[in-house]
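In this text, residue positions in the sequence shown follow this note's numbering: the first is 403, and each later residue adds one.
We treat Cβ as the ideally placed atom computed from N, Cα and C, and that holds for glycine.
From a predicted model like this one, the values you see are computed outputs, not experimental measurements.
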Amino acid sequence: MDFSQEGLFGQIEDLQELSFIERPVRRYLKTPEEIERLTVDEELNDIERAVYLLSSGQDVQRTSVVVNLPNLVRQNPSDTLRRVVPKIGEVLHVAGVEMQLAAAVSFLTILQEELVSTAAYTHSFLPIILVSLDHRDAVVSNAWLETLLTVINTLPKETIRQEILSPLVSKAQLSQTIQSRLASCKILGKVARKFESHIIKRDILPLVKSLCQDVEYEVRSCMCRQLEYIAQGIGVEQTKSAILPELVELARDEGCSVRIAAFDTIVNLLGLFDSGNLTDDQQLWFLDFYKKFSTLGLQHENGHSEPQNQLYGADADTKYVAVRKNCAYNMPAMVLFVDPKHFYSDLYLTLSTLCHDPEALVRRAVAAGFHEVTKLLGSNAYLIHKELIMLLQDESLEVLDALIDHLPEILKVVTAGDHMHVPDLIPALMMAEQRAAISLKWRIHEKLLLTFACLPEVLSSDHIYHKFLPVMFRIITTNNVLPVQRASARTLCVFVRHNRKLEQRQEICCKLVEQLGQGKSYWTRLRFLDTCEYILDMFSKAFFCKYFFLPVVELSNDPVANVRIKLCYMLPKLKSALKLPTDKLLLQQLELSVRKLLCQEKDKDVTAIVRIVSYIISVQSIILLGLQYIKSITAIERTVFILSIFEEYWSAGLWGKGWGVGLTIHCSFQRVGTDSMGRVASFCAVRFYDSMICFILVGYFK
């Protein structure tokens, strides 16, 4: 044992801790006197017990009675209203927050569940609610206010006038607390929907105007948000004369929250006014006001917008740009406002000014809404052809990005009719492509190239052949961004699809084979295979087999493994493109290439893929022969037939390549009915545990 001084002191401390732990713990139990006070006579019924607890019980017991009040009303409504509710009213004067909130909830529950009549509720509960509104605690006061606002919906007009509206005159005075005046604002907004317009004008509007001019910004803001409901009660004419002046003043208020409330209320009131509420002079004033706003911060020289002299700070310039941007955003609405027939005389110069704006944000806003303007103008859209060219040639790619989102719609409208300006449009489109190509924002370039697919609808085949096809070939062969190359290849296929001249189509196909399929760069040959996939989707199988089948199959001898791998993935599509017996020679060539890959391929990745694909090709012809048989048999026979195929593959040990077999069935049974889906999927899951097969079958037959 360690009898050193340090060890001894350590043991003493441990003993002291142990003695503290073993010290008897005092349990805070109720004393006999307290238990006696909390004990209630068991012979008392529910009503008597509630009255006794409210009179002599502690806070927790009183709160329990208040929470249970709806149940008491259900069981014995007359005695509860006569004895319990008045007692609750007396106790609430000195009750705590918890009991106050519980009472507000119970009163609201009684109202919503209609446990008593409206007259009984008004007589017994409404006075307590009105008195409790003045509680000094804001949380309690708001809880009672929400209860009162709900109660108002069920009260008759005369009761509201006598019990609520009359006392409200004194509660809305400046001598009252802010809390009282805020409650008055919300109550006025609620009761205004219950009365006729002349009563609102006589009894409510004076209080409303007084609260709109309150010295506290919280009160002004609260009352401002209630003006919407006041306006609905008094109608359009009274709103123009009584409410709008107040809103104008509140919109100029020094308090930010008041101005925001005024703005929100004005927006909500717009639907209240009819469309013909502006005179001709007012419309001209509004149009002139819009024109001035669209040039705010600029001065005009020779029809162009130039920056003003540096008279204002940077903050002012930022605000001016925001104003002009909003004007540009609302240009379609203004075209509708002035009538598209009067666009050229009233708004053309404004649109042109916004298109020349020195700030890209403003020009981008114009470009984003340009398609809406063209739709509104219809046959007169040629009037803004110059502005379209300007936006296409804009130095900011953000402007171009906003414009090309709806460029097909714009071009269809602008180029319709006899006012087509092709000589200007083509250079602008070419410049837009060049500007996007030299930038680092390849997504915009990709989007623009995909948008060019609409050009056959607005330009002739000759224009596309001589101007745009060389651009597509250049991008495919020289660009380094894969999505851009694929977008260009897809658009090129669309151009060929819409070209009606046989000689040009043949020349393009030969050029694709020579420049892409037989190109020196393996990257170019990969893009040739991408292009062929697009051709398979857009053109007939006969067209593909005539011009591209053999050049694609010849790539099985490509020296680069990546090209051979991509070709292997395309082999099932190539097989599906053949039509027997017409394409028998092409089928032999395809099978020869597959056998050559199986026997002579040295790359392990290519070998693995070609083996899987060979399974697909080997069984595809067998399954296709049975397709006609499957269509003609019943659902049960069809199920047995499909399951027999699975049995064959199971016995042959080919389920290790389960996803390949599933892909075969996916390619072959496209038009098989859905009635055998459940049996086949269930059989695969239980018998073979092959989730991929189940997924393909369920997704295919659904």
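Would you say the region 664-673 touches the region 681-692, given that touching needs at least three Cβ pairs under 8 Å? Contact between the region 664-673 and the region 681-692 is absent, because fewer than three Cβ pairs lie under 8 Å.
At what residues does the alpha helix (DSSP H) containing Pro760 begin and finish? Run containing Pro760: none; DSSP gives neither H nor E here.
Cutting at 7 Å between CB atoms, please list the residues of its own chain near Ile468, excluding the five before and the five after it. Here residue 468 is Val; the residue named in the question, Ile, does not match the sequence. Ile490, Met501, Ala504, Ala505, Ser508.
Given this structure, state the Cα-to-Cα distance separating Ile828 from Ile937, to the nearest angstrom. Those two C-alpha atoms are separated by around 26 Å.
With DSSP as the reference, label Glu598 as helix, strand or coil. DSSP places Glu598 in coil when its eight states are reduced to three.
On a Cα-Cα basis, can you pick out the residue from Val1008, Leu1000, Glu993 that is closest to Ile967? With distances taken between CA atoms, Ile967 lies nearest to Val1008 out of Val1008, Leu1000, Glu993.
Considering Cα atoms alone, identify which of Leu629, Ala522, Ile878, Gln684 is closest to Arg927. Ranking Leu629, Ala522, Ile878, Gln684 by Cα distance to Arg927 puts Ile878 first.
Grab the span of the alpha helix (DSSP H) containing Gln906 for me, first residue to last. Per DSSP, the unbroken alpha helix (DSSP H) holding Gln906 starts and ends at 904-913.
Minimum C-alpha distance to Ser781 - residue among Val768, Ser798, Tyr746, Met792: The residue from Val768, Ser798, Tyr746, Met792 with its alpha-carbon nearest to that of Ser781 is Tyr746.
Hey, is Ser659 close to the ligand MG, as in C-beta under 7 Å from one of its heavy atoms? In terms of ligand content, the structure shown is empty, and the ligand MG therefore cannot be addressed.
Closer than 7 Å by C-beta to Asp404: which residues in its own chain qualify, once you throw out the five before and the five after it? Chain order, please. Model confidence at Asp404 stands at a pLDDT of 49, short of 50, so the residue's coordinates are unreliable; what they give is reported in the following sentence. Cβ neighbours of Asp404 beyond the five flanking positions: none.
So, for Ser659: in the same chain, excluding its five sequence neighbours on each side, which residues have a beta-carbon less than 6 Å away from its beta-carbon? In chain order, Ser623 place their CB closer than 6 Å to the CB of Ser659, counting only its own chain and leaving out the 5 sequence neighbours on each side.
Could you check where the alpha helix (DSSP H) with Thr667 kicks off and where it finishes? Per DSSP, Thr667 is one residue of the alpha helix (DSSP H) stretching across 658-671.
What does the alpha-carbon distance come out to for the pair Ser586 and Leu570? Spanning the two alpha carbons is a distance of roughly 6 Å.
Should Thr853 be labelled buried (16 or more other beta-carbon atoms within 10 Å of its own) or exposed? So Thr853 ends up on the buried side.
Nearest-angstrom Cβ-Cβ length linking Arg907 and Val898, presumed shorter than 8 Å: Val898 and Arg907 do touch by the CB rule: their CB atoms are close to 6 Å apart, below 8 Å.
Out of Arg563, Val896, Pro472, Val621, state which residue places its alpha-carbon closest to the alpha-carbon of Ile343. Given that the chain is displayed from residue 403 to residue 1104, the structure contains no residue 343 and the question cannot be resolved.
For Glu651 and Cys614, I'd like the C-alpha separation in whole angstroms. Distance between Glu651 and Cys614, taken at the CA atoms: about 9 Å.
Using a 10 Å radius around the Cβ and a threshold of 16 neighbouring Cβ atoms, would you call Glu848 buried or exposed? Buried.
Give me the Cα-Cα distance between Ala545 and Leu700, rounded to the nearest whole angstrom. Spanning the two alpha carbons is a distance of roughly 54 Å.
Can you tell me whether His868 is buried or exposed? The criterion is at least 16 other CB atoms within 10 Å of its CB, across all chains shown. Flag for His868 reads exposed.
Would you check if the distance between the CB atom of Ala830 and the CB atom of Leu805 is smaller than 8 Å? No, Cβ-Cβ distance for Ala830 and Leu805 is not below 8 Å.
Beta carbon of Ala574 nearer than 8 Å to that of Arg583: For Ala574 and Arg583, yes; Cβs fall inside 8 Å.
Cβ-based neighbour list, Leu674, same chain, cut-off 8 Å, excluding 5 preceding and 5 following: So the qualifying residues of the chain are Ala633, Gln634, Val638, Thr641.
Could you check whether Glu789 and Leu813 sit closer than 8 Å to each other, using their CB atoms as the reference points? Going by C-beta atoms, Leu813 is not nearer than 8 Å to Glu789.
Limits of the alpha helix (DSSP H) - the one that Pro502 falls within: What sits at residue 502 in the sequence shown is Gln, not Pro. Segment 499-514, the alpha helix (DSSP H) holding Gln502.
Would Thr1149 be called buried (16 or more neighbouring beta carbons within 10 Å of its own) or exposed? Nothing about residue 1149 can be reported from this structure: the residues present for the chain run from 403 to 1104 only.
Leaving out five residues on either side along the sequence, give the residues of the same chain with a beta carbon under 6 Å from the beta carbon of Pro742. Non-local beta-carbon contacts of Pro742 in its own chain, meaning distances under 6 Å to residues more than five positions away in sequence, involve Leu778, Leu779 in chain order.
Take Ile645 and list the residues in its own chain whose beta-carbon comes closer than 7 Å to its own, dropping the five residues that flank it on each side. Within its own chain, the residues whose Cβ lies closer than 7 Å to the Cβ of Ile645, once the five positions on either side in sequence are excluded, are Leu629, Ile632, Ala633, listed in chain order.
Helix, strand or coil at His744 [DSSP, three-state]: In the structure shown, His744 sits in a helix (DSSP, three-state: H, G or I).
For Leu609, collect the residues of the same chain with a Cβ closer than 8 Å to its Cβ; drop the 5 residues on either side in sequence, then sort them by chain order. Result list for Leu609: Leu570, Val571, Ala574, Ser586, Leu590, in chain order.
According to DSSP, is Ala944 part of a helix, a strand, or is it coil? In the three-state DSSP reduction, Ala944 falls in the helix class (H, G or I).
Quick check on Leu535: does DSSP put it in helix, strand or coil? In the structure shown, Leu535 sits in coil (DSSP, three-state: anything other than H, G, I, E or B).
Give the secondary structure of His495 by DSSP, where H, G and I count as helix, E and B as strand, and everything else as coil. DSSP places His495 in coil when its eight states are reduced to three.
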